[in-house]
Structures are given as C-alpha cells and as structure tokens.
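Sequences listed follow chains A and B, in order. The working numbering numbers the first residue of the first sequence as 69 and each following residue consecutively. The working numbering numbers the first residue of the second sequence as 69 and each following residue consecutively. The beta-carbon is built from N, C-alpha and C at its ideal position, and this holds for glycine as well. As the structure is a prediction and not an experimental result, all values here were calculated from the model.
2 protein chains.
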Amino acid sequence: MRSRPVEDVTIGDITSAADVGHGSFYLHFRSKNEVLIPVVRAAAERWDEALQKALADCRDPAEVVGLSTRHMGRQITGDPLWRWTLRHSGMPIDTLRNAVGRFAARDIGRGLLSGRFQVPDLAAASSFLFGGFVAGLLTSLDAENPEQAIDQMAELLLRTMGLPLDDAARIAHQPLPPLTLNGDRT
Amino acid sequence: MRSRPVEDVTIGDITSAADVGHGSFYLHFRSKNEVLIPVVRAAAERWDEALQKALADCRDPAEVVGLSTRHMGRQITGDPLWRWTLRHSGMPIDTLRNAVGRFAARDIGRGLLSGRFQVPDLAAASSFLFGGFVAGLLTSLDAENPEQAIDQMAELLLRTMGLPLDDAARIAHQPLPPLTLNGDRT
C-alpha cells in the first residue's frame with residue numbers, strides 16, 4: 069500500500085496480495101479505510117517508542133508535549149498512508165484520536181499533575197487540542213513550509229494548556245532531538 | 069426541513085415541497101448536503117447581525133470574540149440543521165468555515181490590530197482555532213452541560229489568541245448579553 073497512492077489501491081489488490089477471496093475481505097473489514105486502522109496504529113506506537121527514548125532525559129513535561137507534537141506532526145504528514153487518512157474525512161477522525169490519544173493523555177497528564185499545565189476542564193481541553201492538532205496538520209500539508217506550520221501549531225497547543233507565551237514560543241522553535249526509528253517501513 | 073430530522077428528509081420531499089422535478093434538483097445541487105449551504109449561511113448572517121447589535125458598546129475586542137463565540141456556539145448547537153451538519157462529516161467542514169469564517173476574521177482582526185491578541189502566524193492560528201471550535205461544539209452536543217462545554221471551549225480559544233489566563237477565564241464565564249433575533253425560524 070505504501071508503493072502507490074492509496075486512492076489507486078483496490079480491494080482486489082489487497083485480497084490478491086493477501087491471497088484471500090474478495091468476500092473474505094468484507095467478512096473482516098467494512099471498507100478499505102478499516103484495513104488501515106491497525107497499520108496507522110502500529111506506526112503511532114513505533115513513533116511513540118522512539119520519542120520516549122529521544123526525550124528520556126527531558127524533565128519539563130511541557131517540553132515533552134511540545135517536542136513530541138512537533139515530531140509526531142512531521143511523522144504523520146510525512147507518511148503517505150497517514151496523509152491519505154488526514155485528507156479523507158471518510159475515515160473517522162476517531163481512528164486518529166484512538167491511535168495517538170493515549171500517548172497524548174499520558175504526556176499531558178504528567179504536565180497537569182506537576183502543575184505545569186492548567187486547564188479548566190480536561191474533556192473540553194482534549195477535544196479542543198485534538199481538533200486544533202488535526203486542523204493544523206491539514207493546513208501544513210498545503211503550507212509553503214510544512215515544518216514551520218507544524219511548529220506554529222505546537223506553539224498554539226502549548227498556549228491552550230496554559231503555558232506562558234514565551235515558554236510556548238521557545239519550546240515550539242528550539243532544535244528537535246534526533247529520532248531513531250526501529251524496524252523497517254515496508 | 070426543520071420540522072423533522074434531516075436524515076429522514078428525502079430529495080423527493082424537497083422537490084415536491086418546491087414543486088420541481090427530481091432531475092431539476094440534481095441540475096442545481098449535487099447532494100442533499102449542498103442544498104443546506106445557503107440555509108446554514110443565512111442563519112450565520114442573522115446571528116451575526118444580532119450579535120453586532122448586542123455587543124455594539126463592547127470596547128474590548130477579546131470580549132467581542134469571546135462572547136460571540138459563546139453565543140454562536142449556543143445558536144449552532146441549538147439548531148437542528150446545524151447539529152446535523154456538525155455530526156455528518158460528509159458535509160464538508162469548509163462549508164461551516166465559509167459561513168462563520170468572515171465574521172471570525174473581522175473580529176479577530178480587530179483584536180490583532182489593537183495588540184490585544186498576539187499570534188505567531190495568522191494562517192496557523194485560524195486553522196487551529198477553527199479545528200478546536202468545531203471539535204468543542206461536537207463535544208458539547210454529548211456533554212452533560214452543553215453550555216458549560218461551549219464556554220470552556222471559548223476560554224481555550226482566547227488562550228490560543230495569547231490572552232492572559234485570568235482574562236480568558238473571566239470572559240468565558242461572565243454573563244452573556246441577551247440576543248434579539250430578527251425574522252422567523254420556520
């Protein structure tokens with residue numbers, strides 16, 4: 069699926085690559101979108117693992133959230149499957165939320181417990197942040213400088229969490245630690 | 069269309085109410101969603117007119133944006149057509165953006181010019197805000213206290229614009245001026 073545009077991949081391609089009948093596909097998946105869910109989720113797990121390693125020495129929970137957001141944004145928008153997922157609202161946005169949500173909840177939770185983040189209501193904040201995150205990624209796809217657009221989104225996200233403006237700006241624009249991804253993409 | 073759930077309204081209902089043929093419908097509109105666009109846009113205009121009157125004496129651009137957001141949120145989530153629009157991603161989110169975007173741009177522009185709002189990049193901020201706004205409205209539809217959920221979203225939106233936390237909280241929770249809507253709903 070990564071070798072050509074997802075739009076061009078038919079269910080027939082998938083079933084013949086997997087050597088199963090067309091009918092069996094629908095026995096397990098309701099649509100082409102649904103077959104992507106585990107793929108998208110596995111990628112998010114691999115990225116999170118690498119991020120955890122890269123940020124292991126980082127003591128500021130706001131920095132962890134800010135730098136993770138910037139890295140995740142680059143990974144997501146750099147991957148053809150995720151790009152397709154983002155552009156097609158036919159794939160429920162909940163899938164995306166599902167795939168990255170628990171990592172976000174873990175990191176944001178640390179910031180709240182330490183008092184570094186302050187939000188009036190967690191449910192309101194998490195939906196607002198997620199909506200802003202997805203909209204920001206979509207905008208970055210067509211931006212002249214996609215990485216800059218992602219960093220600006222991260223800055224706004226940190227403001228939403230109650231961070232002072234100068235801290236949000238600094239974290240959104242400081243150099244990113246390198247990421248070492250395990251495993252093969254194919 | 070407002071007299072029963074939009075899901076139950078068929079194109080046949082629309083064409084017979086308007087006394088035109090089924091074929092003429094598709095000559096003008098590609099789908100049932102598309103026929104909603106002018107309706108949704110007209111409602112936004114009517115709400116904005118009422119808001120402009122209600123907030124005519126308000127000197128703080130942040131207050132204008134905050135109170136407008138809270139009122140618009142209540143109107144949007146209180147209207148069956150808009151609720152349906154929100155819940156169905158099949159209707160392009162761009163339609164919503166189109167309908168309320170220019171009012172938002174006008175009010176946010178005033179805040180930026182006066183220095184009350186500070187954003188690193190206007191394109192990044194407007195997509196982040198709009199994503200957060202829509203996600204916040206969707207969450208409010210299922211919230212125990214929908215108005216409170218809308219007000220919390222407005223607070224986060226003001227934070228994103230660079231407002232101090234205490235100002236954002238005050239504006240998000242102060243009493244709303246009453247709105248007088250002209251025209252009939254039917």
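Consider the Cβ of residue 227 of chain B: report whether some Cβ of chain A lies at a distance smaller than 7 Å.
yes
Span separating the alpha-carbon of residue 156 of chain B from that of residue 234 of chain A
38 Å
Please classify residue 109 of chain A: does DSSP put it in a helix, a strand, or coil?
helix
Same chain, Cβ closer than 7 Å to residue 237 of chain A, neighbours up to 5 away in sequence not counted:
223
Do residue 232 of chain A and residue 178 of chain A have their C-beta atoms closer together than 7 Å?
no
Do we get a CB-CB distance below 7 Å when we pair residue 210 of chain A with the residues of chain B?
no
Count the other CB atoms, across all protein chains shown, that sit within 10 Å of the CB of residue 172 of chain B; report buried if there are 16 or more and exposed otherwise.
buried
In three-state terms, what does DSSP make of residue 158 of chain A?
Note on residue 158 of chain A: pLDDT 49, under 50, position unreliable in the model; no value is reported.
For residue 133 of chain A, the nearest candidate out of A/240, A/207, A/187 and A/165 (CA to CA)
A/240
Determine the DSSP secondary structure at residue 133 of chain B, reduced to helix, strand or coil.
helix
Could you check whether residue 227 of chain B and residue 228 of chain A sit closer than 7 Å to each other, using their CB atoms as the reference points?
yes
At which residues does the alpha helix (DSSP H) containing residue 208 of chain A begin and terminate?
190–209
From the DSSP output, in three-state form, read off residue 232 of chain B for me.
coil
As a quick exercise: from A/199, A/183, A/168 and A/211, pick the residue whose alpha carbon is nearest that of residue 117 of chain A.
A/168
Whole angstroms are fine: how far does the CA of residue 140 of chain B sit from the CA of residue 190 of chain A?
22 Å
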